[in-house]
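Numbering (the working numbering), first residue to last: 2 to 315.
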C-alpha cells in the first residue's frame with residue numbers, strides 16, 4: 002500500500018510545510034488562520050489560467066458562504082463540480098485550494114464551484130455538513146447563476162472529501178438533488194485507532210495528536226462520531242449514492258479509512274474507481290511542486306468529465 006520511500010518532490014514539500022506546525026489550541030488556530038491569508042496571496046500569484054473566475058457567495062443555512070466559481074476557457078454551459086476544501090474541519094478556505102480547483106477546471110472542462118463552510122471549533126458538527134448540502138442544493142437549483150447545465154457532481158479533499166461523501170449520501174437519502182459523481186481525495190473518513198496506516202505513517206504531514214485534536218473540535222461530543230452524516234462509513238447502506246472515485250496516498254495516516262470506504266461502496270454495488278498513490282502523502286494534490294499531483298488531478302478530472310458525458314448520453 003506504500004512505496005519504499007516518499008516521492009522526493011513530495012518529501013521536499015512536506016519538509017517545507019513542517020516549519021509551520023499545526024495548531025492544537027484556539028489561540029494557535031486563530032494565528033494559523035491569520036498567517037494563512039498572506040501566505041495564500043503569495044502562493045496563488047501567477048496561477049494557471051482558466052476561462053474566468055467569479056468570487057461571491059452562496060446562501061447557507063446560517064448565512065452566506067464564501068464561494069469561487071471557476072469557468073473553463075470554452076463556450077458553456079458546463080456541468081458543475083461543487084468542491085469542498087480540506088483542513089481538518091478547522092482550517093482551509095477557498096484560497097487554500099485555488100490551484101487544485103484550477104487544475105480540475107482546466108482538465109475536466111467543467112465549471113468548479115469551490116465553497117467555504119463554517120469551521121470548527123466555533124461551529125462543530127453538523128454545521129459544515131449543513132453548509133455543504135445547502136451549497137449542493139443551491140448549485141442544482143441555480144444553473145443559470147453558474148453557466149451550468151444543471152448537472153452536478155461533488156468533490157473534496159481530506160475533510161472536504163468527507164463533506165462531499167456526506168453530501169452524496171444525503172442527496173441519495175433525501176431524494177435529491179441528483180448527483181452525477183463524487184470524487185473523494187484522501188477523504189477523512191473511517192479513521193480508527195490501530196489502523197496500519199495510522200500506526201505506520203502518523204507524523205508524516207499529520208500525527209495522531211493532530212488527528213485527535215481536529216476530531217475533538219469537529220465532533221464536539223462523542224455521540225456524533227457514530228452519525229453517518231459525520232462519517233459516512235457509519236451508513237448502513239450506500240447503494241443509492243453516486244458513482245465514485247476514491248484517491249488515497251500510501252504514506253497518509255488516513256489511507257486505510259479511505260480504502261475501507263471505497264470497499265464499502267463496492268460492496269454496496271456503487272461503481273467505484275479506487276487509486277492509491279503509493280509514494281504520496283496526505284494533501285499531495287495541493288502541492289504545486291509535485292509532478293504526480295498534476296497527474297492525479299488530470300485523472301480525477303477525466304473521471305468527472307466521463308461521468309457527465311455518460312449522463313448526457315443516457
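Even glycine gets a Cβ: it sits at the ideal position worked out from N, Cα and C.
Computed from a predicted structure; not experimentally measured.
Looking from the CA of residue 262, the closest CA among 94, 191, 147 belongs to 191.
No Cβ-Cβ contact shorter than 8 Å links residue 79 with residue 116.
Contact between the stretch 56-71 and the stretch 97-116 is present, with at least three C-beta pairs closer than 8 Å. Every unbroken stretch of the beta strand (DSSP E) spanning 3 or more residues and falling wholly within the stretch 154-210 is given here in chain order: 183-186.
DSSP, reduced to helix, strand and coil, places residue 285 within a helical segment of the structure shown. The Cβ-Cβ distance between residue 133 and residue 91 does not fall below 8 Å. For residue 110, no beta strand (DSSP E) segment is defined, and its DSSP state is neither H nor E. If you draw a 10 Å sphere on the C-beta of residue 248, you find 16 or more other C-beta atoms in it, and that means buried. Beta bridge pairing from DSSP links residue 85 with 116, 157. Scanning its chain for C-beta atoms nearer than 8 Å, with the 5 sequence neighbours on each side dropped, one finds around residue 41 the residues 94, 96, 97, 99, in chain order.
Rounded to whole angstroms, residue 224 and residue 234 show a C-alpha spacing of 15 Å. Approximately 4 Å separates the beta-carbon atoms of residue 180 and residue 243; this is inside 8 Å, confirming the contact. Taking C-beta separations shorter than 8 Å and ignoring five residues to either side along the sequence, the partners of residue 58 in its chain run 65, 66, 67, 68, following chain order.
Going by C-alpha positions, residue 122 is about 17 Å away from residue 163. Straight-line measurement puts the Cα of residue 155 at about 5 Å from the Cα of residue 82.
About 12 Å separates the beta carbons of residue 206 and residue 88, which is beyond the 8 Å limit, so they are not a contact pair. For residue 307, the three-state secondary structure derived from DSSP is helix.
Across the set 231, 291, 310, 147, the C-alpha of 291 shows the shortest separation from the C-alpha of residue 13. With 16 or more other Cβ atoms inside 10 Å of its own Cβ, residue 214 counts as buried. Linking residue 176 to residue 153 through their CA atoms gives a straight-line distance of about 14 Å. Looking at the backbone, the Cα of residue 193 and that of residue 258 are separated by about 7 Å.
Residue 178 and residue 151 have their C-alpha atoms roughly 10 Å apart. The continuous alpha helix (DSSP H) containing residue 37 extends over residues 27-44. In the DSSP assignment, residue 138 falls within the unbroken alpha helix (DSSP H) covering 128-142. Residue pairing by DSSP places residue 246 opposite 184, 274 in a beta bridge. Here DSSP, grouped into helix, strand and coil, assigns residue 122 to coil. Beta-bridge pairing by DSSP links residue 15 to no other residue. Rounded to whole angstroms, the gap between the alpha carbons of residue 50 and residue 183 is 25 Å. By the CB criterion at 8 Å, residue 211 and residue 23 fall inside the cutoff.
Excluding residues up to 5 positions away in sequence, 240 lie with their Cβ nearer than 7 Å to the Cβ of residue 270 in the same chain. The alpha-carbon of residue 110 is positioned some 7 Å away from that of residue 306.
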